[in-house]
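Each remark here refers to the structure printed beneath this line.
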Amino acid sequence: MSATAASVDAQAKVNLRLCVLAREASGYHQLESLFLRIDLADTVRVATDTTQRELHCPGLALPQDQNLAYRAAVAFTEAAGWPTGFHISIDKRIPAGGGLGGGSADAGAVLRALNALAPKPLAADVLNTVALRLGADVPFLTMDAPFALGFGRGERLLALRPLPAREILLALPPFGVETKAAFSWYADATAGQPLRAPAPITLDDLDRWDRLVPLAVNDLEAVVVARHAAIGQCVDAFRTAGARIARMSGSGSTAFGVFDRRLAQEPALPADTRLVHTRSLTSVAPVKLLD
């Protein structure tokens, strides 16, 4: 008898590099990004032995049908013609609005779980297309790679050899940053300026932590920090503590630091900012089929 339920650890990500490129006529920006999975994760469970469409997530702020995980299940159902119903439960640990891809990780986990359960799984390119319709981070968080270079809106991905695991500290302020707002601030700040090409990179540059250091940039950081100084204070605190790389992740509000070893003393952060110890990953959590 085939399994009708699966569980996945929906692992968060940080952006070691985020370059904002040309703006399309649609208003979306092309991007170049280095995605890295970390071991902070939500737990996502998906069951298909139901005719209902349900999502259970304690503290859910959005209506069910606006949740990205729910939308992922609907999108999979439409693409695969299966299942007729689903029940999704999520134990949240990744903060919303933090630039860690929490909602996208949940959506990617749902797509991976349903594809593992499906009697006729979707081909990788089809699954990638479904993921892209949900958001720029979802394709990476659906693929089976812990480290990747992304282009475009996130649909063009090159899986990279995993880097050795490193200690990562996250600074989580008591507020989030909306992705749409961050890109709007960036567009306003760069209006009328000539497009700057990002520093070129080679595959050799992406093979070692020391070669990554000068490539670690985030074009959104300056405009977000201008409105939320606490994020910049966290980045500075990590650098002072000896971080090999210290940046804001994605559109914020999380700051992260990559360290060669666990610190003996925690860095001083602004009031009400939560410090989380995590690590980079060398593999992606597998889908676990449940009895």
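Note that UniProt numbering has the sequence shown beginning at 1, numbered continuously upward. Note that the Cβ used here is the ideal one computed from N, Cα and C, for glycine as well.
Buried/exposed call for R247, threshold 16 Cβ in 10 Å: buried
Does DSSP put I168 in a helix, a strand or coil? strand
So, for T51: in the same chain, excluding its five sequence neighbours on each side, which residues have a beta-carbon less than 7 angstroms away from its beta-carbon? T84 and G85
If we require 4 or more residues per run, which alpha helix (DSSP H) segments fall completely within the UniProt domain "GHMP kinase N-terminal" (67–142)? 68–80, 102–117, 124–132 and 138–142
Note down, in chain order, each residue of its chain lying with its Cβ closer than 6 angstroms to the Cβ of H56, except the 5 sequence neighbours on either side. S89
Around the C-beta of P119, are 16 or more other C-beta atoms found within 10 angstroms, so that it is buried, or is it exposed? exposed
Assuming I245 is part of the beta strand (DSSP E), what are its boundary residues? I245 to M248
Starting from residue 294, trace the beta strand (DSSP E) in both directions and tell me its first and last residue. Residue 294 is absent from the model: the chain starts at 1 and stops at 291.
Can you tell me which of the three DSSP states A159 falls into? strand
Assuming D236 is part of the alpha helix (DSSP H), what are its boundary residues? A229 to T240
Residue range of the alpha helix (DSSP H) that F183 falls in? T179 to T190
Given this structure, state the Cα-to-Cα distance separating A116 from V287, to the nearest angstrom. 7 angstroms
Use the C-beta contact count for P214: other C-beta atoms within 10 angstroms, 16 or more gives buried, fewer gives exposed. exposed
Mark D291 as exposed unless 16 or more other C-beta atoms lie within 10 angstroms of its C-beta, in which case mark it buried. exposed
Closest to A96 by C-alpha separation, out of P194, S280 and V177, would be which residue? V177
For the beta strand (DSSP E) that contains D39, what are its first and last residues? H29 to A47
Closer than 8 angstroms is the cut-off here; do at least three beta carbon pairs connect the region 183–201 with the region 164–175? no
How would you write the range of the alpha helix (DSSP H) that D210 sits in, first residue to last? W209 to L212
Taking 9 angstroms as the threshold (C-beta atoms), are K13 and L141 in contact? yes
Provide the residue(s) that pair with L290 in DSSP beta bridges, ordered along the chain. A5
Alpha-carbon spacing of L275 relative to P267, whole angstroms: 9 angstroms
Figure out for me which residue from Q265, A271 and L21 has the closest Cα to the Cα of Q233. A271
Coil, strand or helix - Q64 by DSSP: helix
What does DSSP give as the partner residue(s) for R274 in the beta ladder? L172
So the candidates are V8, R23 and Q11; which of them puts its Cα closest to the Cα of D188? R23
Please identify the residue among F175, T190 and D106 whose C-alpha is closest to the C-alpha of L21. T190
For G59 versus S104, is the C-beta spacing smaller than 9 angstroms? no
Would you kindly check if the distance between the Cβ of L18 and the Cβ of D236 is under 9 angstroms? no
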